[in-house]
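Here is the structure we will look at, set down as structure tokens.
Numbering (the numbering used here), first residue to last: 412 to 1668.
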């Protein structure tokens, strides 16, 4: 009883010391000193009062292999030694990475043969009841009987006897429970991989791709990489394979921990203590995202389990296997631990010297490759010992304060006990590992990294069981006369479970929430999307020729590559997004004929880029890329080949005479290119005329360019090239400047051309001379139109390594370095060029819209410097993330960023201006690609960026104060109507084709018929204009191109004949003031998000299908107040995504949703399938008649359906002219029904006529 009291007193001292560390009010150094001293007192009290280790009888030497097997084993070990030396020499002293397959096979095959030969089971010896006993037979018989008797006596005398069957059943139950815990909430975990798990998976994929065994050995963790590659080979390259590996290793750690623990404690205590491993939050987290630390920890446990007991001399085969496992374990350890582990293995040999040869020879043979790699990589450098004491004390304090309370206390007590009995067999093995491997970790730069701590964690786990064994067995000795040992063991199990569960569940939940980083989860979702796209790609034998453009940092992420199952290296049609060459897409260097469509993958966090791309290619319907929890991480924007080609060319307006008038006075609109004008043969207008063109010129590579004007007599021209601010390159025939040379960076330059024909028209050619090329007319492929960020961004100079210069961290040697590229970059983004450069310098101007404090943050993969106005603000030689804040006056400020890319090449520059905006990337409009001495006097300052906010989405309830519709009901029906009678419509006329000319359309959308003036209005969405045509014959009347138009999507006409336009990007309703076509914004008390359709009632109120807002809204026609809102993100209507709405004269409100193809009567809540599901861009639309019958377009089925006012389908209009009919408009005139249809795919508009009385009723 006294011994038990001292043990608990020691535990009380340790708890007291922990309380001082946690709650001490003195200075930190005093608290640390006092707390650790009290803990030390408790450890000493425990170590000197616990019982001495129980002596264990040896199990004999075991049967020796036959002479034939000894020769076979010897030959195998000799072959392994030769192969190991060959392999070590290849890895350490030669640069040849090939030709190591044969030595690897010889090394591994010989080692396996040698160990297997020594452990080959012998045929059981016949009964040894010989008539005549030999001395050797008698000795073996007596030795075996003595061992069996000692084992039986030890089992019967144990305070906690336990049957072997109980052990096996308990181990099975514990392993099953551990496996269940590791699967707990498995489906709800974020995707992606973490840290070294990602790196190892990436190295395994690289090994499978190249097949280079030498590169496998030089990975940081060769054993884990090889094991991951094996699982990739067996189960496919995916994150599921790595998860399966983690589950198997994490589950195997439970029985291995028991097997290791029984070398130190009694079987009952070892089984009881395995609960610590089952509920360990760290092991559960590692099992879900396996890092190399998990394999090393498992191998340490396996080594402790394989070593014979202290009193057991062990067979030669078992010691050979122990040495081989110890040597191979070095391949699973981080480089700085290899020497420490080897020292541990060397100083813990077999107790009998006759076994040393087998142990040390196997250890040496297995360790040869890792030792050679260590020598080659210089991993045996001295670590700063000055780090040891503060880091060791800090970790000990953190273990007591933050660790799981019970395991931490027991581990410290057990460590003190084992060190006290260091001369015993188990004590020496444990203490040597603790002193040679565990403690020196605290002298490293990363003492808390799991791959360094894993051997120490395994040893501390064993130490915890040693202390637990002392408490439990001593308690059983004292109370065995009163309480049965089985009940003591059951009570100890319940108490241990309660103590583990008290804080363990919370820690498991916390770690589970951290087992998938946000960025890693997003990259994994993108990787899964890229893999699904690759399956149908031409790179995989499919038919999809789409070119996918993804930011370089996303493609380089191991999480992306792992989720994409290693196919990115095989996918020639998945390339890094280069902001210079791909926004808009220019091709290599220009768009090629026959190229497929484009698909841009933009991370959701890059708000500036997501706003910029739709402005370049209006009308794109983005597809969200979501993870398995439904969170959106990126958006996929498809761009058709025709849309990419349509972005080319110079937008030109032609005016009669020699003066430029308003846009409405232009008599012709064309998309010009190449810039060769043969006006003598075919002039757009009768001469003289004036042409003005605006756009951008793509410079495919930085260098010296020449420009000149070639013309006939009488033709005049003026060409302005450059940024929006002076100085700009200027050619002017009237001033005699008709040729010029200038150095230009790669990227886009604004281009303005003004030309006047002669009285006889004449010819004109604008030519350029590229570096090393000949004079030629500027091709159409180099000319672009649209909302480009011209002059915005930074000038980037990429440098290669100077000859004879080593890769360093300073930037002093850039003056003599070769220049690889010179570019005008709107964004700082990773690229192949950046990854291959030795250094990069960005310079330009950054805007401070108002005076205030601005924060700048940099995260890079190598050394960098940031200067603003000549002041060095950030200078990180190690590339660590850093942030700086400074006061800037209003205006433009010089900015210089220098960077030496690391292995990843990634760099992120973010800022946070005053005004409440969050930290994020700097949008192009806040940067100017100008030299330091350039003037900014005429460069306008942009407004402060507004805080990012999502539109307010209304729910279908009365809590928001606005009236709502009846409850919406699920669609009733099996599918859209079919087998309906054909409607008696006849084609009146058709116009249009794809393009930007005045007679062409680019993705036409909404159409409206105006009875008051007999005109048809078309929302020419791709060209950002509204086209007016005669209803009678389709003749062109006029076109409106107001500067407010960003994406005109739908139209409607009120009773007075006023035309209203809904713009999906501006998210505004405009009234067209005719005949000038000026767009006047209408008031609105709510914000929309990508609305796709609108309608009006007889009172002039607006109804808007707020597609992104997942609702339908009624706005007052007078003040824009919200009078009705229906739907919301969680409603049936919102989930279907409403794309159009219409109000009939009877007051019935109809809407159509694209996602589910349903038609909704919102005033009653009814709905039914009406059209084939479609995307929200090429979506169905509605058009009503004064009779309250209406039409509904069905783009995917290429038809128009006619409905009664009750919503009953009456007939359908089908035509071979329809490719994707989207917009519809209808009215009744002179007893006829006129039906206008816009086709977004065919780029045409058709008008159909049918007698009113011929339509079905």
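We treat Cβ as the ideally placed atom computed from N, Cα and C, and that holds for glycine.
Note that the structure is predicted; figures quoted are calculated from it, not measured.
Excluding sequence positions up to five away, which residues of its chain have a Cβ less than 6 Å from the Cβ of residue i?
{"i": "residue 989", "result": "1242"}
{"i": "residue 562", "result": "Legend: pLDDT at residue 562 = 49, less than 50; position of this residue unreliable, no value from coordinates given."}
{"i": "residue 949", "result": "956"}
{"i": "residue 1263", "result": "1325"}
{"i": "residue 821", "result": "875, 878 and 879"}
Take residue i and list the residues in its own chain whose beta-carbon comes closer than 8 Å to its own, dropping the five residues that flank it on each side.
{"i": "residue 1210", "result": "1225, 1228, 1229, 1230, 1231, 1248, 1249, 1250, 1251 and 1252"}
{"i": "residue 516", "result": "494"}
By Cβ distance, which residues of its chain are closer than 7 Å to residue i, with the 5 residues on each side in sequence left out?
{"i": "residue 1077", "result": "1064, 1065 and 1066"}
{"i": "residue 1133", "result": "1139, 1140, 1160 and 1161"}
{"i": "residue 394", "result": "Because the chain is modelled from 412 through 1668, residue 394 falls outside the range shown and cannot be assessed."}
{"i": "residue 1439", "result": "1426, 1428, 1448, 1449 and 1450"}
{"i": "residue 612", "result": "604, 639, 653, 969 and 973"}
{"i": "residue 1616", "result": "1555, 1557, 1559, 1599 and 1600"}
{"i": "residue 1222", "result": "1250, 1276 and 1309"}
Since residue i and residue j are thought to touch, with beta carbons under 8 Å apart, how far apart are those beta carbons, to the nearest angstrom?
{"i": "residue 1202", "j": "residue 1340", "result": "6 Å"}
{"i": "residue 738", "j": "residue 776", "result": "7 Å"}
{"i": "residue 837", "j": "residue 848", "result": "Contact flag wrong, Cβ pair sits at about 16 Å."}
{"i": "residue 1554", "j": "residue 1506", "result": "5 Å"}
{"i": "residue 741", "j": "residue 749", "result": "5 Å"}
{"i": "residue 1611", "j": "residue 1624", "result": "4 Å"}
{"i": "residue 1050", "j": "residue 1008", "result": "7 Å"}
{"i": "residue 979", "j": "residue 966", "result": "6 Å"}
{"i": "residue 1191", "j": "residue 1060", "result": "5 Å"}
{"i": "residue 1458", "j": "residue 1475", "result": "5 Å"}
{"i": "residue 1338", "j": "residue 1261", "result": "Contact flag wrong, Cβ pair sits at about 17 Å."}
Taking all protein chains shown into account, decide if residue i is buried (16 or more other Cβ within 10 angstroms of its Cβ) or exposed.
{"i": "residue 1069", "result": "exposed"}
{"i": "residue 1442", "result": "buried"}
{"i": "residue 1389", "result": "exposed"}
{"i": "residue 413", "result": "exposed"}
{"i": "residue 1301", "result": "exposed"}
{"i": "residue 1043", "result": "exposed"}
{"i": "residue 419", "result": "exposed"}
{"i": "residue 1093", "result": "exposed"}
{"i": "residue 1456", "result": "buried"}
{"i": "residue 457", "result": "buried"}
{"i": "residue 1383", "result": "exposed"}
{"i": "residue 894", "result": "exposed"}
{"i": "residue 881", "result": "buried"}
{"i": "residue 538", "result": "Bear in mind that a pLDDT of 48 at residue 538, under 50, signals an unreliable position, so the number given afterwards is only what the model happens to contain. With fewer than 16 Cβ atoms within 10 Å of its Cβ, residue 538 is classed as exposed."}
{"i": "residue 1525", "result": "buried"}
{"i": "residue 1356", "result": "buried"}
{"i": "residue 1146", "result": "exposed"}
Closer than 8 Å, CB to CB, is residue i near chain C or not?
{"i": "residue 753", "result": "In the structure shown, chain C does not exist; there is a single protein chain."}
Stretch-stretch touch, CB-based, cutoff 8 Å, three pairs: the region 1318 to 1325 with the region 1255 to 1272: yes
Three or more C-beta pairs under 8 Å: does that hold for the region 658 to 674 against the region 694 to 702? The region 658 to 674 is in contact with the region 694 to 702.
Taking one C-beta from the region 609 to 616 and one from the region 634 to 643 each time, how about it: are there three or more such pairs within less than 8 Å? yes
Kindly confirm or deny that the region 1645 to 1656 and the region 1399 to 1417 touch, where touching means at least three C-beta pairs closer than 8 Å. yes
Specify whether the region 1009 to 1020 and the region 1171 to 1190 touch according to this definition: at least 3 beta carbon pairs, one from each stretch, less than 8 Å apart. no
Does the region 1617 to 1633 come close enough to the region 1527 to 1544 to have 3 or more Cβ pairs within less than 8 Å? no
Using a Cβ distance threshold of 8 Å, determine whether the region 975 to 986 contacts the region 625 to 642, with at least three qualifying pairs required. As far as the Cβ criterion goes, the region 975 to 986 does not touch the region 625 to 642, which means the pair count is below three.
Are at least three pairs of beta-carbons, each pair with one atom in the region 584 to 597 and one in the region 683 to 691, less than 8 Å apart? Yes: at least three Cβ pairs fall under 8 Å.
What ranges does the beta strand (DSSP E) occupy inside the region 1173 to 1220, keeping only unbroken runs of at least 3 residues that lie completely in it? 1174 to 1180, 1186 to 1188 and 1205 to 1210
Evaluate the contact criterion for the region 1425 to 1440 versus the region 1598 to 1611: three or more CB pairs, one atom per stretch, below 8 Å. no
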